[in-house]
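Colleague: Before I ask anything, here is the structure I am working with.
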Amino acid sequence: MQAPAGDKSGNKSGKKRRRISIRRIFELTIRACVIASMSFGVSFGFLSGSTSQAANYDPQNFAVGVSALFGAACGVIGLLMSRMRLLRAELRELEEKSEHLADQNWELREAEERARTFLEAQGDVIVRRDAAGLITYANDAFCILAGRMRDELIGTSFAPTLVEQGDTAVTSDGTKLHDQRIETPDGARWIAWREVVVRTEASTQVPSTEVQCVGRDVTDRSQAERALADARDQAEAANRAKSRFLAMVSHEIRTPLNGILGMADLLLDTPLAPEQTTYAKAVKTSGDTLLSLIEEILDFSKIEAGKLDLESRPFGLAALVEEVVELIGPRAQAKGLEIACYVDERLPERVVGDAARLRQVLFNLAGNAIKFTPQGGVTIVVEPGIWADEVSIQVRDTGIGIAPDQQERIFREFEQADDGATRKFSGTGLGLAISKRIVERMGGRIDVESTLDYGSTFDVAIRLPPEFDATANTFTPPDLSRSAVLIVAPAATEASLIARRLGRWGAKTCVVSDEKVAAALLPERRWDAVLVDQAIGMDAAREFMTGAAADVARRLVLITPAARHELPALKDAGFTGYLIKPVRAASLKARLTGDADGFEQGAAVIEADDAPVGAPDGAKGLSILVAEDNDINALLARALLIRLGHRPTIAGTGAAAVESWLSARAAGTPYDLILMDVHMPEMDGLEAARRIRASEAASDSPRTIIVALTANAFSEDRDACRNAGMDGFLVKPLDRERLAAALLSGGTALAA
């Protein structure tokens, strides 16, 4: 039986120690003999000289000499014994070191053996090759993979037969990663290789490099990935089918809904009894609710199908936030709520991102805040985030709040904080789910902090980098460092944000909720401006103005859009100007720094706002061809266009639309614009648009503007319309304002 490697090394080290001990004992014996011979020679010579007849023998001197010689001999012997003790100690130390080194050597060999067995037990394939590609080491797993013995592989350039090569990646430290499908005795297997360059010591003591390849059999993983890929493809196909189904259903619902909402609008424009007006408004409200549900479901289906495409275009951040607050303001004011916004001026005026999706998120959050707030107000505060180019948007309300155990659930689809059978608030529970998906798709996050009965704060943080080629900001904050402004408002929601903005502009502000307290403060110091919320009441405002406030140069009143009819009375009460709530930063600056009469400027604005939207420039309006197969929708489009001052012509099919367009062009009275329904019998709107474009190209005639009318709101439907040669895209049900805007813009306005 072969002795273990550890026992062999121990025997060799023991023999070496014995040889060293024998050599040292021999050297010590020789030295002792030499010293003894020298001592004997000196003593013999001394005795011989002292006993010689020629010498003068003195017994006393003889005794002294003998004693000296004996002492010298003892000293030499003592030195020799001390030296022997030192040598023995060194010998013991060397023996201990030798034994320690032997133990370490044995442990290293044991560790090497354990590492080798560990690697073999792992089943990983390990092979090393030199610079020439020859195998210098191969473990048992590689031998099994190759189907050869180790002796047959060492020194050869053997490589398994390659069936398929995967992608290759190289890490920062130079490690090469790639997958290969190779032939083995057990069939084709997928091996994930990890190749790294290692340094070795060659026999000539010159460092050399080798490539160590470690492979792992990942055939099962590859098969699982392929199965997952197949399942993903099937799921995507199912999603596409679901999306097309939703598109078809939404089209079928939107088509009659277009007629319901449109006819309700037309009915409300006619003289009605109060009871009839109530019923017509109820029909329109129900239709709007159904339309909102359809749009939310379509949005959610697009997000689930991965079709939420984000745009990256420059837009004005402050303008977008103020527009959202203005559009949703009437809903809040109808409930008696305050609504206001504040955009920090440290943020860039123009940023890059998807303005439409951000507007959708703000509408959802602010709409929810208004719905769940019975009293108080809603604010939107936009400030710089904690990271570079990050924008923090906080939507705060003073509503009913959300319980802690419900705050995570409200972001799930079809979930609400109040989900009982007797819930007070309606809704689908999709708004927050869609908002969360959009924010996360934009690379941001959305959180909520809420306390029951005290309100909620939704915090949205997204990255909106500034516009790279942006010119200087069009809005320059005024310098109000020497101004003092008194704000009189019963509610602090908007007043506090106005005071905050004025403070950023350098003004000293004071917010008072009671007009009597404000009247007492007026004589205390000089005030450059006083802002009074019309909510304190007409009598209180008139009394306040006729008092001490008459000495203030700028006396502004804050009113809602619905209270514009009270402007003449407010002017007579002593106010020098007014601001519409929610207050825009530009309007506030203009009122506090401008010299013109605020009511004169406001009158011009009112006239511009009250002008009929979409009114044509000419007396005859536009000649418009409407291709619509649904009689109700055709009647609605005809009525809307006539009310907007245009001259519509109805065609029931795509073929009839093409024929009518050709006839009008041949008669020298071509149409100015075509409203083309996409889904029609015989010939759809896409094919009709293609034929019109082909005819224009063949005859080199002017291009007629074609705007698509469809209930499908998916991006592929919009792309199909563009590819067919259409210029615009309007989603049913038709809205008077959107239709008028599309006609004014030449038909290029696309519906969101």
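The opening position of the sequence shown corresponds to residue 5 in my numbering, with each subsequent residue numbered one higher.
The C-beta atom is built at its ideal place from N, Cα and C for all residues, glycine as well.
#1: Quick check: what's the CA-CA separation for R89 versus I29?
#2: Quick one: what's got a C-beta closer than 8 Å to D171's C-beta in the same chain, skipping five residues either side?
#3: Opposite V385 in the DSSP bridges: which residues?
#4: For E168, name the three-state secondary structure that DSSP assigns.
#5: Between the beta-carbon of S699 and the beta-carbon of L677, is there less than 8 Å?
#6: Determine the direct distance from the alpha carbon of R22 to that of G79, and round the result to whole angstroms.
#7: Rounded to whole angstroms, what is the Cα-Cα separation between L747 and L265?
#8: By how many angstroms is the C-alpha of A93 removed from the C-alpha of L84?
#9: With DSSP collapsed to three states, give me the class of Q6.
#10: What runs of the beta strand (DSSP E), each 3 residues or longer, lie entirely inside the segment 135-160?
#11: What residue does the beta strand (DSSP E) around F367 start on, and which one ends it?
#12: DSSP three-state label for D234, please.
#13: Using only the alpha-carbon positions, how far apart do A338 and R354 sit?
#14: I think A557 touches R505, with their Cβ atoms under 8 Å apart; what is that distance to the nearest whole Å?
#15: Check A745 in the structure and name its three-state DSSP category.
#16: Within the continuous beta strand (DSSP E) that includes V561, where are the two ends?
#17: Taking only runs of the beta strand (DSSP E) that begin and end inside the segment 433-501, which ones reach a length of at least 3 residues, in chain order?
#18: Over what stretch of residues does the alpha helix (DSSP H) that includes R595 continue unbroken?
#19: Using the Cα positions of G729 and E720, report the straight-line distance between them to the nearest angstrom.
#20: Considering just the uninterrupted stretch of the alpha helix (DSSP H) at S517, what are its terminal residues?
#21: Starting from E2 and walking both ways along the alpha helix (DSSP H), at which residues does that stretch end?
#22: Compute the Euclidean distance between the alpha carbons of V516 and L592, then round it to the nearest angstrom.
#23: Buried or exposed, going by whether 16 or more other CB atoms sit within 10 Å of the CB of C725?
#24: Where does the unbroken alpha helix (DSSP H) through M730 begin, and where does it stop?
#25: Over what stretch of residues does the beta strand (DSSP E) that includes M680 continue unbroken?
#26: Kindly indicate the opening and closing residues of the beta strand (DSSP E) around P318.
#27: Can you tell me whether V218 is helix, strand or coil according to DSSP?
#28: Straight-line CA distance for T513 to I502?
#29: Are V399 and I466 close, meaning C-beta to C-beta below 8 Å?
#30: Give every residue of the same chain whose Cβ lies closer than 7 Å to the Cβ of L738, excluding the five residues on either side of it in the sequence, and list them in chain order.
#31: How about V386 and V347: do their beta carbons lie closer than 8 Å?
#32: Pairs of beta-carbons, one from the segment 186-203 and one from the segment 214-225, closer than 8 Å: are there three or more?
#33: In chain order, what residues of the same chain have a beta carbon less than 8 Å from the beta carbon of G178, not counting five sequence neighbours either side?
#34: By the three-class DSSP mapping on this structure, what secondary structure does E632 have?
#35: Taking buried to mean at least 16 other C-beta atoms within 10 Å of its own C-beta, is T286 buried or exposed?
#36: Which of the three DSSP states, helix, strand or coil, is assigned to K736?
Modeller: Let's see:
#1: 12 Å
#2: H182 and D183
#3: Beta bridge pairing from DSSP links V385 with Y346 and Q398.
#4: It is a strand residue.
#5: No, these two residues do not count as a Cβ contact at 8 Å.
#6: 30 Å
#7: 20 Å
#8: 14 Å
#9: Here the model assigns Q6 a pLDDT of 45, short of 50, so the residue's position is not dependable and the matter cannot be decided.
#10: 139-142
#11: F367 -> not in any beta strand (DSSP E); alpha helix (DSSP H) instead, spanning A359 to K375.
#12: helix
#13: 32 Å
#14: 20 Å between Cβ atoms; not a contact.
#15: helix
#16: R558 to I563
#17: DSSP runs (the beta strand (DSSP E)) wholly in the segment 433-501: 449-455, 459-467 and 488-492.
#18: A589 to T597
#19: One Cα belongs to G729, the other to E720, and the distance between them is close to 14 Å.
#20: Taken as a continuous stretch (DSSP letters only), S517 belongs to no alpha helix (DSSP H), as it is neither H nor E.
#21: Here the chain has residues from 5 to 756 only, and residue 2 is not among them.
#22: Between V516 and L592, the C-alpha separation is close to 19 Å.
#23: buried
#24: No alpha helix (DSSP H) contains M730, which DSSP labels as neither H nor E.
#25: L677 to D681
#26: R317 to G320
#27: strand
#28: 9 Å
#29: no
#30: N262, G266, L640, A641 and L644.
#31: yes
#32: yes
#33: V200 and V201
#34: coil
#35: In the sequence as displayed, the identity of residue 286 is Ala instead of Thr. The residue in question, A286, is exposed, as its Cβ has fewer than 16 Cβ neighbours within 10 Å.
#36: coil
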